[in-house]
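See below for the structure under consideration.
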């Protein structure tokens with residue numbers, strides 16, 4: 006069975022790799038980046054909940070899948086994850102396995118499969134942080150598919166549900182990007198300014214917001 010430190014290492018490593026690989030404004034790249042960040046954050050929440058409740062974080066099969074991901078053996082990991090989903094439906098490990106699958110499906114542009122897993126998690130979780138994040142990922146998929154109206158509804162629902170300011174900042178930045186794509190520059194500026202007012206804003210988010218504000222200001226001239 007995987008050790009707790011291994012799960013934590015995996016989550017942190019995914020976040021670091023994602024931050025280092027930050028890209029120019031590109032729909033597909035943005036969706037991949039934000040999905041990895043959100044999934045990493047949710048898995049870290051699960052890790053913390055495990056420590057607090059002193060309950061089993063995942064069964065042996067899920068642990069094997071996580072370790073396979075860490076070792077770069079994604080094919081084996083995906084087989085193990087699907088096995089967890091098939092054999093432990095409704096269990097926490099099954100929801101966590103779907104988070105990994107969502108990340109892989111978005112990477113491969115398998116958006117219909119990703120949405121199926123997102124909907125499953127929405128229907129089987131009562132955690133507001135997880136629910137909020139799933140709505141944000143639904144918005145991401147709508148964004149990359151050009152469904153701007155649905156994207157905005159999903160982002161706004163995600164922001165409303167989210168209780169962690171760090172994730173809420175990510176969601177507001179996503180909504181601001183949507184406004185920029187639609188040339189709703191004043192709305193984008195207002196939202197980005199609100200994010201900057203957060204005293205707990207993360208350094209990488211602050212840099213991103215400042216870059217976007219510079220672009221908005223230039224386009225407003």
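Numbering (this note's numbering), first residue to last: 6 to 226.
Even for Gly, the Cβ is constructed at its ideal location relative to N, Cα and C.
9 Å Cβ cutoff met for residue 79 and residue 109: yes
My assumption, with CB atoms under 8 Å, is that residue 210 sits in contact with residue 178. Please give the rounded CB distance. 7 Å
Between residue 134 and residue 167, which are expected to be in contact by the criterion C-beta below 8 Å, what is the C-beta distance as a whole number of angstroms? 7 Å
Taking buried to mean at least 16 other C-beta atoms within 10 Å of its own C-beta, is residue 165 buried or exposed? exposed
Just mark residue 226 as buried or exposed, buried being the case when its beta carbon has 16 or more other beta carbons within 10 Å. exposed
Grab me the residues of residue 144's own chain with a C-beta within less than 7 Å of its C-beta, minus the 5 sequence neighbours each way, in chain order. 156, 159, 160, 163 and 179
Looking at the structure shown, is residue 177 part of a helix, part of a strand, or coil, going by DSSP? helix
If you reduce the DSSP assignment to three classes, tell me which class residue 2 lands in. For residue 2 there is no data in the structure shown, the boundaries of the chain being 6 and 226.
For residue 139, which option in 212, 81, 126 and 89 has the closest C-alpha, if you only look at C-alpha atoms? 126
Taking Cβ positions, are residue 230 and residue 102 nearer each other than 9 Å? No information on residue 230 is available, as it lies outside the stretch 6 to 226 that the chain covers here.
Under 9 Å between C-beta atoms of residue 181 and residue 200: yes
With C-beta atoms as the reference, is residue 105 less than 9 Å away from residue 119? no
Between residue 29 and residue 122, what straight-line distance do the alpha-carbon atoms span, to the nearest angstrom? With a pLDDT of 34 at residue 29, under the threshold of 50, the modelled position of this residue cannot be trusted; read the value that follows with caution. So the alpha carbons of these two residues sit roughly 28 Å apart.
Of all Cβ atoms in chain B, is any one closer than 9 Å to the Cβ of residue 163? No chain B appears in this structure, which consists of one protein chain only.
Can you tell me which of 67, 148, 132 and 97 puts its alpha carbon nearest to the alpha carbon of residue 114? 148
When you compare only the Cα positions, how much space is there between residue 50 and residue 154? Bear in mind that a pLDDT of 46 at residue 50, under 50, signals an unreliable position, so the model cannot answer this.
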